[in-house]
């Protein structure tokens, strides 16, 4: 674990707050020896930046030169100097501004707000504060809002300073926001348990079909701590905190047009160990790309036709190639969503037109019924678990969606040992994942007699308590966390 510093102009600026060895002056930060903070070092720059080349600017500049992760970055400091630059970052903020309703009676025409690590005093301004912090991650941001005929507008944004917080209310808001943001500052040394590494585990408590249930998440946390990894649960609101960690483990269903992909990209750019890494998300979440990748490298799959229109000639071509029934898939479906079986030419034409409204390309695949699908869990090109998911009774999939808001019905399962899985199933699974990367994957496979085909490769496979872990128990979580540990150790050696 590297260092953690809060840098201030003068230690007197920290007088209202709990003393901490993590808080140092600008001069102390400049004087740090070259070897200080080897590994992952986080810097929260609270220095003033009242002029173009002030201490705040040089603190962030030195941090970048030393390979430290700093908030704010030099880019953010520079962007805030010109409205022509910071206004470019405000795309998408309009919705939060339009929802603002402030004051009773006499309308409010101008408002100055302070944002502390994405938090503010007024509840009505909280969504706006979070969005502005995502675009301009600073410890303290001062914003002026003005109301005109077109509604609320952002008139000014600038960096704030600790010494400008005169009231106890503002000082308390800053202290609480920093404590929540860092999770480290002000804790007395005797109450800290030291870990070798810090891991962020991205979850969404509201997700209906998450990759891991709460019990499995708790088992990941325990397994990490036994290995010296402090595993902290984070959500999509914690995007700017990624630099605090050594690793990111995504346990939300991933998608390209989603915060999970943005998290993966940022974490990779920050040098974190990431699963799912952004390349794996790109390659696995789009079924068109995956189908062509597997076909090109001669990995056995069901016969597949990729179509871009719903013309009569296209429908005839699909039937000639695949026969009936046919399975239609949209490129980015998950958990059996966006997957339809059609029985006739008329139904094929109708459903193809319907799916084309949401996707420019559609996959048509031969129908291959089996009583169950294999799921082979692969980590770093090694099988680590196996599961058989059985079809829902009187249905052809392992999930059946009723079209409403209820959770889908699912079939049964069993969890054989790896050595009980047919050798050909394991070989095909590994051949597929080698094309994706060396992360954590779940390969869905159908087996009919001697024929073994890959249905898809999941970059974010399900690992639920008493399902995928039924054979190995806690050893499965230990193995995954041990791989994170191995990769973090390699990252540390590179930095050293």
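In this note's numbering, the protein residues as written are 14 to 509.
Glycine included, every Cβ here is placed at the ideal spot set by N, Cα and C.
If you're wondering where the values come from, they're calculated on a predicted model, not measured in any experiment.
Counting only residues of its own chain and dropping the five nearest sequence neighbours on each side, residue 461 has a CB closer than 7 angstroms to the CB of 381, 383. Here the alpha carbons of residue 153 and residue 181 stand approximately 16 angstroms from one another. Ranked by Cα distance from residue 397, the options 23, 235, 453 are led by 453. Residue pairing from DSSP places residue 160 in a beta bridge opposite 165. For residue 333, the secondary structure class from DSSP, reduced to helix, strand or coil, is helix. Proximity of the stretch 475 to 491 to the stretch 234 to 249 meets the contact definition, three or more beta-carbon pairs being nearer than 8 angstroms. Using a Cβ-Cβ distance cut-off of 8 angstroms, the stretch 211 to 221 and the stretch 473 to 485 are not in contact, since fewer than three pairs of beta carbons, one from each stretch, lie closer than that value. Taken atom to atom, the span from the alpha-carbon of residue 336 to that of residue 385 is near 22 angstroms. Judged by DSSP in its simplified three-state form, residue 69 adopts helix.
Taken through DSSP and simplified to helix, strand or coil, residue 237 comes out as helix. Cα atoms of residue 455 and residue 53: separation of roughly 31 angstroms, rounded to the nearest angstrom. A direct Cα-to-Cα measurement between residue 128 and residue 156 gives close to 8 angstroms. Going by C-alpha positions, residue 451 is about 49 angstroms away from residue 176.
Closest option to residue 46, judged by alpha-carbon separation, among 76, 379, 150: 76. DSSP places residue 182 in the helix class (H, G or I) of the three-state scheme. Beta bridge pairing from DSSP links residue 107 with no other residue. Annotation: residue 36 to residue 191 spans about 12 angstroms, alpha carbon to alpha carbon. Within the DSSP bridge table, the entry for residue 38 names 21 as partners.
For residue 208, no beta strand (DSSP E) run applies, since DSSP gives it neither H nor E.
By alpha-carbon distance to residue 257, the top candidate from 458, 439, 81, 496 is 81.
For residue 298, the enclosing alpha helix (DSSP H) has its first and last residue at 291 to 298. Residue 367 and residue 323 have their C-alpha atoms roughly 9 angstroms apart.
Going by C-alpha positions, residue 259 is about 14 angstroms away from residue 195. Under the three-state reduction of DSSP, residue 232 is assigned to helix. Look at residue 317 here: in three-state DSSP terms it is strand. In the displayed model, residue 497 falls within a helix according to three-state DSSP. With contact defined as three or more Cβ pairs closer than 8 angstroms, the stretch 496 to 507 and the stretch 291 to 299 are not in contact.
Around the beta-carbon of residue 387, 16 or more other beta-carbon atoms lie within 10 Å, marking it buried. In the structure shown, residue 382 falls within a coil segment according to DSSP collapsed to helix, strand and coil. For the pair of segments examined, the stretch 162 to 174 was found to touch the stretch 99 to 112: the number of CB pairs separated by less than 8 angstroms reaches three.
Cβ contact annotation for residue 125 (same chain, cutoff 6 angstroms, sequence separation greater than five): 157, in chain order. When DSSP reads this structure, residue 387 sits in a beta bridge with 401, 458.
Using a Cβ distance threshold of 8 angstroms, residue 391 and residue 443 count as a contacting pair. Here the C-alpha atom of residue 137 lies approximately 7 angstroms from the C-alpha atom of residue 113.
Listed in chain order, the non-local C-beta contacts of residue 355 below 7 angstroms within the same chain comprise 338, 339, 341, 361, 364, local neighbours out to five positions each way being set aside.
Residue range 96 to 99 is occupied by the alpha helix (DSSP H) that includes residue 96, with no beta strand (DSSP E) assigned at that position.
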